[in-house]
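In this note's numbering, the protein residues as written are 2 to 67.
Down below is the structure, laid out as structure tokens.
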Amino acid sequence: MKEVFPLKWIATLSKAKFKVGNLSYHGTPNDLTINLKPNDDIEYLISQITHYLQLINNRFAQNSYE
């Protein structure tokens, strides 16, 4: 996936405590990066971000009940 400047700009300026994005950005401000193939598109990136954030959220929810 080619670098998408608006996504990098938003991630850099975001005050979020946990940032997720594409690994290909150099100097990425992300805490979790998703490694994509060159032919992967933005829709695939979004689906992967959603998938991994759901896994993380489910893990935290399970641990809070133990």
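Even for Gly, the Cβ is constructed at its ideal location relative to N, Cα and C.
Residue i and residue j closer than 8 Å at C-beta
i: K56; j: L46; result: Reading off the sequence, residue 56 comes out as Leu, not Lys. No.
i: V5; j: I43; result: yes
i: K16; j: D32; result: no
Length of the line joining the Cα atoms of residue i and residue j
i: F61; j: L54; result: 11 Å
i: L8; j: H52; result: 19 Å
i: N59; j: W10; result: 29 Å
i: S100; j: L14; result: There is no way to answer for residue 100, as the model of the chain reaches only from 2 to 67.
i: T34; j: D41; result: 14 Å
Environment of residue i [buried if 16+ CB atoms lie within 10 Å]
i: N64; result: exposed
i: N23; result: buried
Min CB distance residue i to chain C below 8 Å
i: L54; result: The question asks about chain C, but that chain is absent: this structure has only one protein chain.
Presumed contact (8 Å Cβ cut-off) between residue i and residue j, rounded CB distance
i: P30; j: A12; result: 5 Å
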